[in-house]
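If you're matching them up, the sequences are chains A and B in order.
Going by our numbering, the first sequence opens with residue 90, and the numbers climb by one from there.
Going by our numbering, the second sequence opens with residue 3, and the numbers climb by one from there.
We treat Cβ as the ideally placed atom computed from N, Cα and C, and that holds for glycine.
Everything on this sheet refers to the single structure shown next.
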Amino acid sequence: MFSGGLTACFWPIILVLCLTRNTYILPVAEAIWLTIPSSGTKCVSEEIQSNVVVLADYYVIDENNPDQIPTISARVTSPFGNNLHHNENATHGQFAFTTSESGNYIACFWKDGSHKQDSELTLGIDWKIGIAAKDWDSVAKKEKIEGVELVLRRLQGTVEAIRGNLVYLKDREADMREVSEITNARVAWFSIASLGVCIVVSVLQIWYLKRYFVKKKLI
Amino acid sequence: MMEKIWGKTWALMGLVLLNSVSNVSSLSVTVNDVECVYEYVIYEGDTISGNFVVVDHDIFWGSDHPGIDFIVTSPEGNTVHSLKGTSGDKFEFKAPRNGMFKFCFHNPYSTPETVSFYIHIGHIPTEHDLAKDEHLNPINVKIAELREALESVTAEQKYLKARDTRHRHTNESTRKRVIGYAVGEYILLTLVSILQVIYIRHLFSKSVAYNRV
Numbered sequence: 090m091f092s093g094g095l096t097a098c099f100w101p102i103i104l105v106l107c108l109t110r111n112t113y114i115l116p117v118a119e120a121i122w123l124t125i126p127s128s129g130t131k132c133v134s135e136e137i138q139s140n141v142v143v144l145a146d147y148y149v150i151d152e153n154n155p156d157q158i159p160t161i162s163a164r165v166t167s168p169f170g171n172n173l174h175h176n177e178n179a180t181h182g183q184f185a186f187t188t189s190e191s192g193n194y195i196a197c198f199w200k201d202g203s204h205k206q207d208s209e210l211t212l213g214i215d216w217k218i219g220i221a222a223k224d225w226d227s228v229a230k231k232e233k234i235e236g237v238e239l240v241l242r243r244l245q246g247t248v249e250a251i252r253g254n255l256v257y258l259k260d261r262e263a264d265m266r267e268v269s270e271i272t273n274a275r276v277a278w279f280s281i282a283s284l285g286v287c288i289v290v291s292v293l294q295i296w297y298l299k300r301y302f303v304k305k306k307l308i
Numbered sequence: 003m004m005e006k007i008w009g010k011t012w013a014l015m016g017l018v019l020l021n022s023v024s025n026v027s028s029l030s031v032t033v034n035d036v037e038c039v040y041e042y043v044i045y046e047g048d049t050i051s052g053n054f055v056v057v058d059h060d061i062f063w064g065s066d067h068p069g070i071d072f073i074v075t076s077p078e079g080n081t082v083h084s085l086k087g088t089s090g091d092k093f094e095f096k097a098p099r100n101g102m103f104k105f106c107f108h109n110p111y112s113t114p115e116t117v118s119f120y121i122h123i124g125h126i127p128t129e130h131d132l133a134k135d136e137h138l139n140p141i142n143v144k145i146a147e148l149r150e151a152l153e154s155v156t157a158e159q160k161y162l163k164a165r166d167t168r169h170r171h172t173n174e175s176t177r178k179r180v181i182g183y184a185v186g187e188y189i190l191l192t193l194v195s196i197l198q199v200i201y202i203r204h205l206f207s208k209s210v211a212y213n214r215v
């Protein structure tokens, strides 16, 4: 249905979207805004399993003085401490990586020392993982689908991601149940052992004192 | 021919417009005193839904932590939604108007807490939107509803995952406590009994005995 006329009308579409507040219409630029304090760092983190695509985009928002936008520095660390992304003195940046280990991924931002103002600045972060980070435009081009079919493919991708998340939650619950049962067994054994330690120690005490008093000829 | 091309263009734009709903991943933030997150709501009447869980709270003493407060402020400054003293909850309400909404977490205590939150703003085209743009089909409404339903399932999963993370922290802490406190108890017991024996020996030592009588 849309095949023929689209390529000719690519530019008007982009122009209109650019003019009509496209930062909130094109899915690329959706984001949450955070305030970065004038001193100290602001960190956001997420616990991500391994083999997941992470795509993030951050930009400084300053409506007060658009000529001199304050700059920030950013650092992204993996749960093992590896530095995945480092950027200094920038007003915007992006990073993308595929997680190799599961754990807490932390992205920290702080204000650069070059700006002496004491004000907080606003940072917009667009953080997408997994199915949300998938490039649907390339899928549409590759498989030559568009319109309703593309939307339904996206929904199918979401459903598959839901099923994957369920399996992950199930595995995590199984791990936790194992830890709980081990702790349960340990509580029982350690309590019995503490009773045993009590008895053994008191028997040793009495035996030693008796031997001592016999040696000292008191009894 | 040109009208057909422009018609298709507007229809495609309509589809792009409808299916670009705001979505963020579930991020965790450390709340020392107040932490605010801002998100822009495009259309009035959009459903703002989400959840948050205090993941790493002070589990050292007492399970009756007062929790944190969650307050949502509209662009005009009115409090639209507030939850007090919880350690995690879901929320859903309709945006009274479009604009920049502020989602704030207040920590009444001095110990920093890590909060994992997820905010989703969903838009379903109404009959007004359908009437405005003649190229929007009712199928777009159904697709938007389906998408919102799937997003709500995903939101529940993120909530479960955050709660599971908190439960795992509690479990790990319990495991460490069981071993630590048990071994500490044994050592303390042995130490105390040795001290008892030494003290009794001291009471019966010659120097003390001579000072009696």
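{"Item": "Sequence ranges, alpha helix (DSSP H) only - wholly within the segment 225 to 300 of chain A, length at least 4", "Value": "225 to 232"}
{"Item": "Euclidean distance between Cα positions of Q183(A) and I137(A)", "Value": "18 angstroms"}
{"Item": "Contacts around L239(A), its chain only, beta-carbon distance under 6 angstroms, and the 5 residues preceding and following it disregarded", "Value": "A229"}
{"Item": "Rounded separation between T247(A) and G182(B) - CA only", "Value": "44 angstroms"}
{"Item": "When S118(B), T116(B), H125(B) and F107(B) are compared against F95(B), the one with the closest alpha-carbon", "Value": "H125(B)"}
{"Item": "Beta-carbon gap between S89(B) and E135(A) smaller than 8 angstroms", "Value": "no"}
{"Item": "Contacting residues, own chain, Cβ-Cβ under 7 angstroms from I288(A) (five flanking each side not counted)", "Value": "none"}
{"Item": "8 angstroms Cβ cutoff met for S118(B) and V55(B)", "Value": "yes"}
{"Item": "Contact list for the segment 184 to 208 of chain B against chain A, Cβ threshold 7 angstroms", "Value": "A184, E187, Y188, L191, T192, S195, Q198, V199, I202, R203 and F206"}
{"Item": "CB contact flag (P77(B), G101(B), <8 angstroms)", "Value": "yes"}
{"Item": "According to DSSP, residues forming a beta bridge with V39(B)", "Value": "L123(A) and F105(B)"}
{"Item": "Whether H122(B) touches G47(B) by CB criterion (8 angstroms)", "Value": "no"}
{"Item": "Interface flag, L138(B) vs chain A, CB-CB below 8 angstroms", "Value": "no"}
{"Item": "Closer than 9 angstroms at the beta carbon, the chain A residues around K163(B)", "Value": "E136, N254, Y257, L258 and R261"}
{"Item": "Delimiting residues of the beta strand (DSSP E) encompassing N34(B)", "Value": "That residue, N34(B), is in no beta strand (DSSP E); it is neither H nor E in DSSP."}
{"Item": "Reduced DSSP category for I70(B) - H, G, I as helix; E, B as strand; rest coil", "Value": "strand"}
{"Item": "Validate contact between the segment 33 to 44 of chain B and the segment 143 to 163 of chain B using beta carbons, cut 8 angstroms, 3 pairs", "Value": "no"}
{"Item": "Within chain B, the residues that S283(A) reaches when beta carbons sit closer than 7 angstroms", "Value": "A184, E187 and Y188"}
{"Item": "K223(A) versus V142(A), L123(A), I121(A) and I125(A), residue with shortest Cα-Cα distance", "Value": "V142(A)"}
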